[in-house]
Structure formats: C-alpha cells, structure tokens
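Participant: I'd like to ask some things about the structure below.
Residue numbers (our numbering), protein chains in the order written: chain X, 9 to 259; chain Y, 9 to 259; chain H, 9 to 259; chain D, 9 to 259; chain L, 9 to 259; chain S, 9 to 259; chain W, 9 to 259; chain V, 9 to 259.
Below, the structure written as structure tokens:
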C-alpha cells in the first residue's frame, strides 16, 4: 500500500497532473511509516512466527480482551503477560481458543506452532518461588517457536542438584537462569557452558534482597563471561531475547 | 591424561593389584577435574578459537607478562583487557608479536585469526567518551573470530545520525550498544532490529548518572524486547556474549 | 487595606496623635503581608487566569469540598488534583458546576475559560499506564488557558509511531513528555524539537524501575539540551510549568 | 542539495532513464537525512542564533581545538563547556577570537551577538562554591542571545539577602536557581515569582549531600509550582533551556 | 533497697558473719542495677516530670493497656505514641482518666501538669499532611511540661505566610519544624532565629521524596546553623529533645 | 547405593561383560550425586541431629504439609519457618506430632531431641517487636540440639537492663543479638564477650531504618571484633550458624 | 541607619516635601533589610558573643584572609572552619592575633572571650580518627563562650572506658557525640543522660560505612530519646547548636 | 589492684576509720573498671593468646610505633592492620622483632606462638585482587593461634577449580570466603560444608559492584545456611571471628 502510494505519485507526475515541485514536497510530507523504511522490515520480522505482546498488568480484563481481538483480526497471534485469571476469563469468553498458562500468568492465542528455533532453550531456576518468572520465560520461548527445557529448584547452596543436570545444560543452545535469593546460580551456570546465558533476577526474597536488587547486582558483576541480564522479574524479556538468539533463519 | 588415570585404575584392578574396595575408594578421592566432566568440555569449547583472558587492572606489568607467557607456552592465544601502555610495553618486550589496541586498552596475542562468526557483530556507541568501552567490545569480538562493524557517536538526541546507518544496523547479526549519558540508545536500537541487542552502560557522565547507574537502570527497564544488559563499562563481557551468540558451529 | 493601614499611620503622625518614634516602631511591628510586598504581586500574578490548586490526596472528601467552597467564595477558580471519584461526588454535591476528569483524577471549577497561552502545549506519553499522569498534565494546562494536544502511547521501542507525529511535535510551543519505562522518550523528543521540553518520569514499571527512579535518572542525564524534569508522577507540575512558559502576557 | 537529489530522481524518471520500480526503490534506499525531514528543520532552528556546543571534559585540548575549527569553517559559532585553561590555550592559539570565561570554564567564539531573548534571564545562586555552575548557566544564556542578570551568594539561611533583590527577581522572564547545600532556595524563589524557574542542583557540599543528591531530591519534591530541574552541575543545560523559553521568535 | 542490700553486706561483714573475701566477691556478683550507678540517677532524672513512654505501634490494645496499668501502679504518668483509636478504647476502658489526642495518635495519662519549661516550644509545620507528626511533637512537649505554640501549614513556596508569624517565631525558646515535601522550611526558619531548631522530616510526599529521604537529606545539608534533625516522622523524639533543651531546672 | 552402583561397574568389568572403554565412559556419565562426593558427606553431616528445613512463606498450607510428610517418610525431622497458623493447622491435621511455636512462626516435627551443643546459645533482643525474629533463632537452635537462653527487651538506650544479665552473657558459648532500631546492641554485646556474636538486623522500625538497612549497616561497621551478621530478619540463619559453631562433635 | 532612613521619610512627610502617597510608595520600595525586621534582630542575636563563620573549604587562602579582614574591620570576631595550614599562614600574615587549632582545622580571631554558656558542653568521640570532627565541635563551642569538656576514644565495643567517665557525662549540660564506625555510641550516651545529646556521624570508616551513611542512619533510628543529629562530619554545626542550647541569656 | 581497693574499703570500715554510710557512698563513686566486672574478664580473655590490635589506617607511622611500644611494655603482643611499608619501617626501627606481612598489610610482634585453635581455619578467595583481604584474614587467624590453610583464586565461574580442593574444604573447622566480584562463592562453599562459613565481601570490582555492595548483598541473601558476613574488606574481622569460633578452651 505504501509503495503504491509512492508509485501513484510518480504516475501522477508522469501524467503531468503534478509538478516536480509538488512531487518533491509531497514526498517530504508523507507520514513516516508510508516510506517503507526499517520499521516495516522490523514489523515483518516480528511477524515471522512471533505473536504481538500485551503487558496485561494495569489493564482491565475488558481492555486486554479488546486488544487481543483486534490483534487476531489483524492476523497476529497473541501473547498476554502478567495476566490474572480474571483477565483470562474475559479473553476466553470472546476467544475460545485462548490458552492460559496459570503459573506463568500468560495467555496465548496461536493458530499454528512454527518451529523456528535452532536448538534447546533451557530455563533453570533456583527456588520454588522463582517458578512463575521462570515459566513466563519458558512459555514465551515456546510460543516463539522454540523447544524449551525446564530445570527448576536447583540452587548453588546444594550444587549437586544442579550438577545432576549437567548433560542437559551442556546441550542447550541458550540458557535462561532465573533466581532471586541465589543470584550466584547465573555465575555457576555461566561457568559451566560455552553458550549464551540470560540471567533473570527475581524480586523473591526478603531483607537485603531489596526487591531483587541483590540478585541483579550479583548477576551483573558475575565473572562468568557470556552472561547478560534482563530486568528484575522480566521472564518475558529473557524468553524473547533467547528466541532471537536461537532463530534458525538469521545470519 | 585424566582418562588414562582412570584407565590405569581399571587395569590395576584387573591385574589384581588393588581390591574392589580400594578402587571404589580411589575414585571417590580423585581430584574433581580428573574425572573428565563438564569442565573439560567447557574448556575445550573455550579453546575453540577463543583466547584466554587476563583482566590486567590491579596486576603489575610483570605479573601480566608472566601470565601471558605461561598461556602462550600452553598453546593458548592471549587477550588482556584494561591494560595500560606500561603493561603492554612489558608484555611486548617478552612477546614481540603482542598487539596493543590503545583506545580499547586491550593486548592481543593471536597466532592465526579464525573466522567462527556467522554474521556481523555491530558496535554502536553514543558519545566520544564511550569509545574506549565500545572498542573493548569490538576488539574482543574481532579476536574471537567475528567480523565487526563500528558506528560511533550516534545518539538519540540527534537521532537522524543513527538513522543514517539504518541499513547497516538492520544487517547485523548481533548489536552491541554502548552508552553512558544516553542509555536511551539501547531502547531505540532495540526497537529497530529483530536481532539480539546487548547493552553496555558506561560510567561516562556526571551528576545523576551516578557512575553509570542511570544508564544501567534505563537499559534494564527499556521496553524494547530482545535487549539484555552487562555490567557498567564491561565492553569485554558484551563482546564475549555477542561472540557466543554469533558462533557458527553451535546448534 | 494594607495601604490604608500604613496611610492611617502617616495621618495619625501628621495629626500629632503619635510620635515619630512610635510611627517607626509601629512599622516594624506590622505583620509582613500588610506591607504590600512581593507576595501580593505574586498572588495577583497567580490570579491572572490561574485557579488555586488543592492536592486532594490525604484529605477527606469533606475537607476538599470545604476548601473548594471557600476558594469559590473568594472568587477563585478551583483545580483539585489526585482526586478520587468519592471526593468529586462530595464536591459536586455542593458545587454542581464542578467537572471531573476521571483519567486525570482532576476536579475543575472554572467560571470562564481564558485563552492566555501563546502556542500549543503538547503532551506526549509512552505507555497506556502513563496516561493518568499525562492527562493530569494536559488538564492542568487546559484549565490554565492553553490549547493542548495529546499524543499517547508512542514509545522509543517502536519509534516510527512517534515519528508519524513529527509535524505536530514540531509545531508545539512546549512539549511535555510523560514516561515510566521509556525514559528515553524525553531524550528522543528533546532531540527533535527546538522548544522547551518538560519531562515527567512516572512510577509505572517494575523491577529496576524502582518506583520511577530509572526514568528520573535517565531523563536528568539525557544529552538533549532543553529538557528539564519535574518530580515522579507530577503531571500537575509539568502542566503548570508549561503554562508559565507559554503565557502570552509575559516579557 | 537533498532536494536536488530527489528532484534529479524525478527528472531521470521523466527522461525515461530509470523505471518507476527503480525510482521507488531508490527513494527507499536514500540515506535518511537526505529526505529533508524534521531533523533538518531542527538543525535550522538550532542555527538560528545558537552556536554548536562542545563538551570539553574528556577531550584533549587538540581534539577540542580541531572540532572548534571545523565548526567555524562550517559557519557555526562555538560554545565549549567544562574547558580547562589548557584547552583554551590551544583553542586560542588557533582561533585568536576565542574568549575564555574562566569561572564558567566556558570557551566562546561568536561572530556577532544576536539579541533573540524576550526578557531577562536571571541566575540566582546560593553559595560561593556554586558560582562556577551559575556562571556556566549565565554565559550559555548570554551567548544564546539573552540579557542575563546575576544574583550570587543569596541563601535561605539568611533569606533577607535574597529579599533585598526582590524587585529584580520579579522582573525576570526566566529564573535559574543554582544551589548545592541550599536546595531550598529553588522552592523559595519558585514561591516568589510567577515565571518559569529552572533549578540546578550542584555537587557542592559534604556528608549527606551525597554529590548533589540531597539538593536534587529537594528541588524535585519542592511544592513550588513552575519549578523544573536539570542534572546536577548542569549549568549549560539550564542556560540552554532558559534560552529556549525566552526566545522572541517562537509561538 | 539497693543501698540497703549493700548496707547489709557491710553489717554482715562487721558482724563477722562473712569474711572479707566473701564480701568483695559478693559485691562483684551483685546485679548491676543494685549498685546505685548512673542508671539510677538517669531514672530519677527521667521521672522528674516526664512520663514513661509506650511505642504502641506493633503492640495489641491489650498489651498497651496492661503496660499502662503497670506504669500507673508504679506511680508514673503514661504517654502512648502511635496509638490507634482501638488501642485508646481499651486503655480508656481500664483507665478512665486517659486522654486521646486523635490527630497526634497519642494517649496521655497524667495526674498533674507540671510546668517545667523555661520558654515557648513552637511547632511549625509545612503541609496539612504533616500535621499528625507535628501534633505528636506538640502533645509530647505539652505532656512534658512545656507551653507549646503551633503554626501549621506555612511553607516556603508561599513564604509570606511564614513571615506573618515572625514575631511568634522570634519569641520561641525552641522551634520544631515538621515538613515532608518542603524540607526547605527548616533552613528558612533556622536562618530567622537564634534559638535551637529541631527538624522533623516526614514521609509525606510522593515520587522522589522516597519516603522522607529527600526531606531528611535536605534538612541535614541545610546551611542554617543551629538546626539538628531527628528520624523521619519522629514527632515524639523532637518533642522530647525540645523538652530537654527547655527544662528550667538544668544547668 | 551409589557405592554399590560403582562397585557393580567394577564387577561387570571384572566379569568381562563391559570393556574398559565402556567402564570409563560409564563413570563419566554417572549422575553427579551417584559418585559419593562431598555433597553426600555434607548431607550426612546435615542429618546428624539437624532436621531439614522448609521456608513456608510463599507456599500453600497444602504444599508445606505435603513436603513435611515426604520428609518424615524419608526419616528426617522437619523444621518449617515463616509458617502461618493456617499452615500449621494443615500440617497438624496430617502430622499430629507437629508442634507450633507461634511467636517464632515455626513448625517442628522431631522424633527425639539430641543434645549436640557444647555450651549455651544465648539469644539477646532489643525491642518487643524484635521478638518474632529472636524466637525463630532460639527455636532453630533448640531444634538443632542446643541449650538456648533468652534475654529479651534489653536495649542500649537503657544499658543497665543489659548489664543486669552480665553473668549469663559471659557464660554463653555463642550469642545471637537481634535488633532493629538498636543495631548498637550488637556492638555493645560484642564488646562484652570473648565469644562469637551473630547479629541479626530486623526490619522493625520506621523512617530512616529503611526496612532494616540502618541496623544492617550499623552491625557491619561495628568496631567490636568477633561480630558477624546475617540477612535482615533471618533468625533461622542465625540459629543455624550458631548451632554449627556450637557443635560438640567437630574439630 | 535603617531606622534613620525611615525616620527621614516621616520628617520629609511632616515637612511637606513628600505627599502621603509618595511616602507609602517609598516604604514599599525600600530594600528589605532597611526595614529593621527579624533579620536584624537575628543578626544582633548572632553578634551577642558569637563570631561570624567562614567555611574555608573551596576558598583560596587569599579569599579567606580577605573575608576575615573585612569581618574584623566590621567589629566581628572570626571563626574559619575546614582551614588548611596554608590558609592559616595567609590569615596570620595579615592578622597576627589569629589562632590556629590544627587538629580541628579551625582559625579563630577573638578579641575577648565571653562566657555565655550555662553549663558544660561535653564532646565525646569514639575513635582516634573521629578527633578532627570532635575538635571542630569543641573549638566552635569554646569560641562561642562555653566551657567545653572532651572525652575522646571511648567506644561501645569497650564500654567500660565510656563508663569510667560516667560522672563527667552526667554533669554535662549538653553532650556532643562524634562517631563514625560506632554510631551506637550516641544511643548509649543518650540512654545515660537526661540532657540534650547532639550526634555527629563522621565519614571515618570503610566498606559498608558508605561515607558516614551507616553512622547517620544508626544515629537517626536510635531509640534513645533526646538525641538529635547533624550532617556527616559537621562538627561546627554540632558545636553551634550546642551553644544555642546552652546560652545563659535565653528564655 | 581493684580488689585491693575494695578490700581496703572493708578494712577501713572494719577499723572504724569510715562510717557505713561513707563506705556505701564510696562504692557508688568508684570508677567503673575498679569494680572487677565483666570488662576485666573480657580483657583477660582477650589476652589469652590474642594480641591487641592497631588499625593503622589514618595513623602516622610515629603514632603506630608509639602505640606498639606501649603495648609491648604492657606485656601484650601486637597486631597492626592496614599498615603501609612506611609504617612498618618506623615500627621495625624501634621493635626489631616486628614482622611485616606485605600482602596482608599486617605488622606482627609476637613473643611466642600459642596453638589455641581446635581445627583448621581455611581461607578461600576468588580472584587475585581479593588476596590482600584474604591474607589479612589468614595472618590474623595465624597470629591468634590457629593453623590456617589458603585456597586462592578459585571462583564459581570455573567451579572445577574449587572442587579440586574439596577434601581440604571438607576438613576445615571454619571456612572464610573472600570475594568481590564472585559473591556467589560464599553460597557455593556454604552449600558444600557443614561447618561455619564467614563471608568477606571485598571492594574489588567495577561498575555495579558499587564498592563491594553487590558482593555484600549477595552474601547476605545467600540461601546457604551457616554463612555469616562481616564488613566489606574486613579480613581482620573474619580472621578474628574465626579464631573465636575455633578456640580450644571454650565451652
């Protein structure tokens, strides 16, 4: 459509119905996105197997459901994060195909599953309280077309539990480490593998964990190379970044 | 060697020179690394094209030179970060092949360059003062076998300078964004591309930048999906993580 | 009245009913505001088209209603910020003309609208959760006599949405940028325009946004010249400052 | 030039030397800034009486001098902030017209002074140690075409010194308040005037001033409406924002 | 009783019923408070007109009432701070003389009022939301035998309201300044008077007030000499310290 | 069992049913914990008189009860911390022997009490609000086989109350000091005794206590040698560490 | 002189040389300080035995010497704080009577010593490194006319050293407690005495003392009533406040 | 001597030279330490094999040497921490027996070495930059009579290096873990052993390590039970606490 817009301009110019001055001026005044620039490529890329995302926290169930319907109508899949069961109920009332991952607090509407990932995305988490964030990461990566493995409740304070999963960890293409009180876990895993590790600090903990700050700082200062960090509790962001890293169809 | 150690155990057991009890007991008391576990795989992985790393800050030129010599003797390449010109002088005195990347403060000793990267690792930085950290990231990625592009001195406050490089940015396989006073740059780049973006906050700035804290927090809370963050000023870490993401020979 | 007070002093002195010593002494003991100083000019200035303001948070509906009535009786317009719907109900019961801007949480009682602004005050916000603060800024500026434009839900992570509004942004006399997780937006807008930009960090966000701190620091360290910042969530303050900047009748 | 680029495209299309497909494709691939968009308007605006700015801190005298020469060659005036006397010496060696404002640590090269401001920009500062930042603000505003007043060394702890300048303060079009240990000064001045007040916290102080944090927070939470804040020690930013507010030729 | 304990020791020694060794040993093993040391002097001092204090927050109404009864039985007056109306109800059920200062959240049981203060303790507060803390300070000082004045709702943003009370302020023996968003008030008052000023930051405010931190830091870095600070919201502490300063019967 | 696993390997190798290559390979692939390593010793140590621990906060009563049952079935004692009375009710329904220490919020199931401690573990706390944390420490130490003393409600502001317990304090083998608003208590006790002191900051307090930060920092910077610190409110951790220190059967 | 200014106004009015309107108008336009208001009373109060104060840090020796000369010429005594020995050398060159208290880094020029204090101002400090701040407090109080006692190097970690001075402490009219790593000292002293205690946190310490923050927070949250706090390292402020509290000639 | 003081009192009373009233009164007025209380026991305990300690930082070489001489004269051994080589030179000039541990920056003067420890005190450190703090801990423990082991440069990022020392770690009576950028090390070691672990965060690191804060918080929130923490860089404190734990002659 954008291109046809520009094409018409040339045709009208060729037909003599606008002067060269007006043609140049028209171009300058075109809305940005009509120019077929990066943003469109970007969107196209996003649509290659990746659904659009709704951050449900702070939106009413009705608002979320309305946005989801509009997305579906536009041909997009839907991923809703931080969704309460009330929000899901409203979405499911209108979109019966919607699936709710309760622990991850994620709503998914997906027509067909595409396998776009190269290898295994592995989600490792430290404590049982870290599981909601870990599940958000895992479900996000699954919806984005990856095979996802889960190793939950392994901590550095009982490091043999982690080491029992050594083989699986070494086979992963990307590892996501989710931890609140054991930020150290990211360092240990980062030291074991030669693959990218994405660390997710969680706000789980008390006292000097200061809402995830302790885990965040520990993960950032970790000496293990290859570890990068996302925002506290941002399981979605980790799953999304892991999916970008793991995509089969990229250079 | 480790395997031969274990193999000898079986042979001595077979030969009857030790009892089954002693054999089992011996195994338990073997030093961990003799067991041929993950760590060895890990090391092997590390050696596939990646040199060992010396963090020179806080070490004397003599210490750095000694470590470098030992590494070379063991057949490893050498990457020394945060190296002063004094440190380089001492290293170069003993290892004439050593190369100094002054702006990056990096010393490199590399026998042959291997091209192990899939696509372009692009380093984007905001201000001229961010360049040392950006160069550390770029040189690290180069030494680790990647083709590296550099777009320096593009900031969001004059966003057209960034957009002039749109084509290059869209072609990168991984983008590293280095910024101190313009943490926003990571968000903007993250919104443009559909590839992994690694953000490096720098301690450049004054006042409320609080030694890089402002950029760090801004990068972490960025809404752009696909952005992950490393420690303040950790150009090496970003270059290393980008290299892991970009490796050709991984799943 | 103050002047007459002083005038009487001179008259009583002239009439010989007080000595010069007593006159001088009287002057020294006059309450400060009776002297007709700056504060009166200041108040007069404030009354030129600007209503008085009630910060409703922490006051009961009854208290707010009582203060509003007293203001009206004194001839002032009323602007109540951070007002719940309960507070509005009580105010409306007594002052039927009171208008409630629900999203902005603002109560307005205004006899006649004066147009005192020179140009357009434009309010730009990043996420849907930032809208209450953005609306507080917008309604404040409207009540203070400005034409106000709104561009909501444009973020740097999808910067083409922002650029689609380029023309409007360039025409504004003052721009207010409201953002919680995308503090970067202030930098980008500040880089686009040659007009004053007032940035309002919001407490929207989670994790390392630390109640608005990330956005606040990012906005303060922004390299874009012409950007100034108000307190976290202080939409009113931004609308007020924008109105002062945009006043037609000032030097 | 950009326009001529586009114009040529239409002419070559008209002449039949390129197809309509190639023309459309060409347009998409043009470097962004060639399109004559906002950024050019923005630049033009910047050039209306405002020199370009060099942040000298972290650059060598040679680098600063080189940049300054390039700017002058391009017809721009030059404003160099955070410039040491060594930097000035090098600049002056090459550009004899360069002027050094020692206390402000600012270098200025300006062909002719344009008066573009509407009213008085008044810089008020609390302590003698705040003067360098206050001077940076004042010189910036002067170079940008404003009449600038200075009231230094007035603090709230001896508030009568401030009030002795009441008349001047009330006549200002914009007031810049610079204070480190007396962040309160911004509140007091903000309460006196009905004009925009820009507060600049400084890093002057000790103990719980924590490098300007105390003043910054105090200024942000100030109850005085119309006060906005810039980064700690950012005199330039305050002078620049005040100039934008005070420009005669804007809506 | 303690003395009699020691006296008995001497008498038993004199009577020959214990040896000198046992007497010395006995002394060493006496409980500390039996020795009649500083703590007793201290207690005696405390009892001179000052009631004991119960911090009610975190105690049940029953617990508070029980403690209050025990104190009364021991002849002490009672001051209960941070007391809810439920707590008061329980206390009043058992001690009908108990008085509740609702705004100050303080319960008082006092047999007779002693006037032990030299001059006026004046409590000045900035906003209506600061009043509970200001009242806690005022009631504490009253119960401790001082004449107390109150000037509420005077802020630096409208400094003429403060100055209208100049005479009263200058007559005070001690001034307590209570403020959350206008920490500046302590500086201004401190600059007006030549008497001790005790500043109480309050947690009132939002955004960058960070639970009272902004006011606390501002008050600590104030340039006004003679200002000291107590904990955030600690009205009781300020009233207590003011009472110690104002006591008639001290050196 | 692990040993028998390895033993079988040798026997099958001896019997010729596997080659030496397969035997070595098998060993490498054994799950880590089968190797009889440190972790097993560690577990054995833990089981010597110490029950397993469930952190109940964030788990449902049903989850806690299920875990407790599984532990009992495995022959372990049970210690559940941060347990609500609802959680206890569910546990007690299934395990009638379970005991609830309400103030400590601790559930204990213990078959027989073993006395494994050398000396007295003494828990000293400052305020009544610190008691839950102090009790958690005390009950933990008791369950782990120590004789435990309690001295509650002694603070440095009335230091004679502390000194009245001098004898008891000097006899303790380990002292745990629990304090929120009186972090100083750890320094004072640390200065009195020549035994290890474990300090537990609590989140009790208001204002500048910042959730226990003030007490934490004060305890860390204490000049008294021999004082170590655990996380804010971590009574369990202090009780556990004290038990390790006090164990009779260690070197 | 101010009064004579006003007096002249009345006389000129009486003489008919100005109209009543002009007289009233004149009064309004008089510079504030000419009005003989509070500030003058304040100044007079300050001069009653108290010298003016120069904060020398950040001023050159020449500047300090010049200010000191001007003060002397105006009849004032001089107190210079944070003065280096270089600064003293310059001052002494011009004002031979100037005295330097090296440890306190204080310069004093005082014509005659007035004894204006009621009782003893006692300065108690914890470590030898706290002595410079303690001496600044002590010298300030001495210069302001108080008898000053010093008890240095007493800490809570060896509390018997403090208690050995019990008698002296109990006799003080005001106690100043100076401590960096032993913030607890303020609580302990505050619990011993029934007199005002002013706590001065110092920046002495390392690690988690964070430049005095640990001591500051500990002193603020102290449970001991009657303790107020000044800025980190602000010995002068404490000495000044203590002098105000201890003045003989106040209500 | 103290006892003889008290004994004389009884004798003089017995002899009739003082009345019972005077005797009781005398006792009350005795200096505290004359009473033979805890502090003396405490001192005696300290002297059992433990030298006195001088914190040399902030003291001149002359001061340190003088204190050391006084201690020796009083029969005490000497331990000087944070001592520069200049300080040692001055001490050695006067006390030829003084030994300097350069890496630990510790001066020791010890007449005879007493072995008072039960088991091995093991110091484990992560990076080469952590060694000075680790050595301070090790030398302190050695001087206090313990057998000390050292395992340096083992980090969690290469956890096999740590595990190679498994046997030694499991044999230790107390483990001290010293780490700056790998705070995780304390968790891992704490999970391996069933003995007390003392964690020492160091200020080594950059960026988000914030002077040791990251390591400190990570160590405090560690899930491994039995881990306690001392101040950042406080190797001495860890060595001292470990010695108290390891003492042979305690309950």
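Every residue gets a Cβ at the ideal spot worked out from N, C-alpha and C, and that includes glycine.
Does residue 67 of chain V pass the burial test, meaning 16 or more other C-beta atoms within 10 Å, or should it be called exposed?
Facilitator: Your numbering for residue 67 of chain V matches position 59 in the eighth chain. It is buried - the Cβ of residue 67 of chain V has at least 16 other Cβ atoms within 10 Å.
Participant: Buried or exposed: where does residue 170 of chain L fall if 16 or more other Cβ atoms within 10 Å of its Cβ makes it buried?
Facilitator: Within the fifth chain, residue 170 of chain L is the residue found at index 162, counting from 1. Using a 10 angstroms sphere on the CB of residue 170 of chain L, the tally of other CB atoms reaches 16 or more, which defines it as buried.
Participant: Buried or exposed for residue 24 of chain D, please, with buried defined as at least 16 other CB atoms from any protein chain shown within 10 angstroms of its CB.
Facilitator: Counted from its first residue, the fourth chain places residue 24 of chain D at position 16. Answer is exposed; the Cβ neighbour count stays below 16.
Participant: To which residues does DSSP link residue 260 of chain H through a beta bridge?
Facilitator: Nothing about residue 260 of chain H can be read from this structure; chain H reaches only from 9 to 259.
Participant: Ignoring anything shorter than 4 residues, give me the alpha helix (DSSP H) runs that lie fully in the segment 79 to 116 of chain S, in order along the chain.
Facilitator: Segments of the alpha helix (DSSP H) lying fully in the segment 79 to 116 of chain S: 93 to 102.
Participant: For residue 124 of chain Y, go through chain X and note every residue whose CB falls closer than 8 Å to its CB, in chain order.
Facilitator: The count along the second chain starts at 1 and reaches residue 124 of chain Y at position 116. Per Cβ cutoff of 8 Å: no residues; residue 124 of chain Y is ~12 Å from chain X at best.
Participant: Give a yes or no on whether 8 Å exceeds the smallest Cβ distance from residue 245 of chain V to chain S.
Facilitator: The residue you call residue 245 of chain V lines up with position 237 of the eighth chain. Yes, contact with chain S.
Participant: I need the boundaries of the alpha helix (DSSP H) containing residue 232 of chain D, first residue and last residue.
Facilitator: Here residue 232 of chain D is taken as the residue at index 224 of the fourth chain, counted from 1. Note, residue 232 of chain D: premise wrong, no alpha helix (DSSP H); not H, not E.
Participant: In or out: residue 175 of chain H buried (at least 16 other Cβ within 10 Å) or exposed?
Facilitator: As a working mapping, residue 175 of chain H is identified with position 167 in the third chain. Flag for residue 175 of chain H reads exposed.
Participant: Determine, using beta carbons only, whether residue 62 of chain V comes closer than 8 Å to chain W.
Facilitator: Position 54 of the eighth chain, counting from 1, holds the residue named residue 62 of chain V. Judged by the 8 Å Cβ criterion, residue 62 of chain V is not in contact with chain W.
Participant: Classify residue 223 of chain L: buried if its beta carbon has 16 or more other beta carbons within 10 angstroms, exposed otherwise.
Facilitator: By 1-based counting over the fifth chain, the position of residue 223 of chain L is 215. Classification of residue 223 of chain L: buried, given that the 10 Å Cβ count is 16 or more.
Participant: Beta carbon of residue 246 of chain D, beta carbon of residue 208 of chain D: below 8 Å?
Facilitator: The residue labelled residue 246 of chain D in the question sits at position 238 within the fourth chain. The residue labelled residue 208 of chain D in the question sits at position 200 within the fourth chain. Yes; because the gap between Cβ atoms is below 8 Å, this pair is in contact.
Participant: Taking the alpha carbon of residue 84 of chain W as the reference point, which residue from W:90, W:92 and W:75 has its own alpha carbon closest?
Facilitator: As a first step, residue 84 of chain W must be located in the seventh chain, where it is residue number 76. It is W:75.
Participant: If we ignore side chains and look at the alpha-carbon of each, how far apart do residue 124 of chain D and residue 202 of chain H end up?
Facilitator: In the fourth chain, the residue the question calls residue 124 of chain D occupies position 116. In the third chain, the residue the question calls residue 202 of chain H occupies position 194. Looking at the two C-alpha atoms, the distance is approximately 14 Å.
Participant: Please identify the residue among W:163, W:129, W:177 and W:159 whose C-alpha is closest to the C-alpha of residue 192 of chain W.
Facilitator: If you number the seventh chain from 1, residue 192 of chain W lands on position 184. Out of W:163, W:129, W:177 and W:159, W:163 has the C-alpha closest to the C-alpha of residue 192 of chain W.
Participant: Which chain L residues are close to residue 217 of chain D, counting only those with a beta carbon under 9 Å from its beta carbon?
Facilitator: Within the fourth chain, the letter at position 209 stands for residue 217 of chain D. For the C-beta of residue 217 of chain D, the chain L residues within less than 9 Å are, from N- to C-terminus, 225, 228 and 229.
Participant: Going straight from the alpha carbon of residue 6 of chain W to that of residue 237 of chain W, what length do you get?
Facilitator: No information on residue 6 of chain W is available, as it lies outside the stretch 9 to 259 that chain W covers here.
Participant: Could you check whether the Cβ of residue 28 of chain L sits closer than 8 Å to any Cβ belonging to chain V?
Facilitator: Here residue 28 of chain L refers to the residue found at position 20 of the fifth chain. Answer yes: the Cβ-Cβ gap between residue 28 of chain L and chain V drops below 8 Å somewhere.
Participant: How should residue 242 of chain W be labelled, buried or exposed, when 16 other C-beta atoms within 10 angstroms of its C-beta is the threshold for buried?
Facilitator: As a first step, residue 242 of chain W is located in the seventh chain; it is residue number 234 there, counting from the start. The residue in question, residue 242 of chain W, is buried, as its Cβ has 16 or more Cβ neighbours within 10 Å.
Participant: How far does the alpha helix (DSSP H) with residue 177 of chain D in it reach, from first residue to last?
Facilitator: Along the fourth chain, one-based indexing puts residue 177 of chain D at 169. It spans 174 to 179 - the alpha helix (DSSP H) in which residue 177 of chain D sits, taken as one unbroken run.
Participant: When the Cα atoms are used, what is the spatial distance from residue 183 of chain D to residue 213 of chain Y?
Facilitator: Stepping through the fourth chain from its first residue, residue 183 of chain D is reached at position 175. Stepping through the second chain from its first residue, residue 213 of chain Y is reached at position 205. Going from the Cα of residue 183 of chain D to the Cα of residue 213 of chain Y covers about 26 Å.
Participant: Please name the residue in W:80, W:122 and W:198 whose C-alpha comes closest to that of residue 106 of chain W.
Facilitator: Looking up residue 106 of chain W in the seventh chain gives position 98. If we check each option's Cα against that of residue 106 of chain W, W:80 comes out closest.
Participant: Could you work out which residues of chain H lie near residue 167 of chain Y, taking near to mean beta carbons separated by less than 8 Å?
Facilitator: Indexing the second chain from 1 puts residue 167 of chain Y at position 159. 167, 196, 199 and 200, listed in chain order.
Participant: By how many angstroms is the C-alpha of residue 240 of chain H removed from the C-alpha of residue 219 of chain H?
Facilitator: Within the third chain, the letter at position 211 stands for residue 219 of chain H. Within the third chain, the letter at position 232 stands for residue 240 of chain H. Distance between the alpha carbons of residue 219 of chain H and residue 240 of chain H is about 8 Å.
Participant: From the beta carbon of residue 237 of chain W, is the nearest beta carbon of chain L less than 8 Å away?
Facilitator: Counting from one through the seventh chain, the residue named residue 237 of chain W turns up at place 229. When Cβ-Cβ separations below 8 Å define contact, residue 237 of chain W makes contact with chain L.
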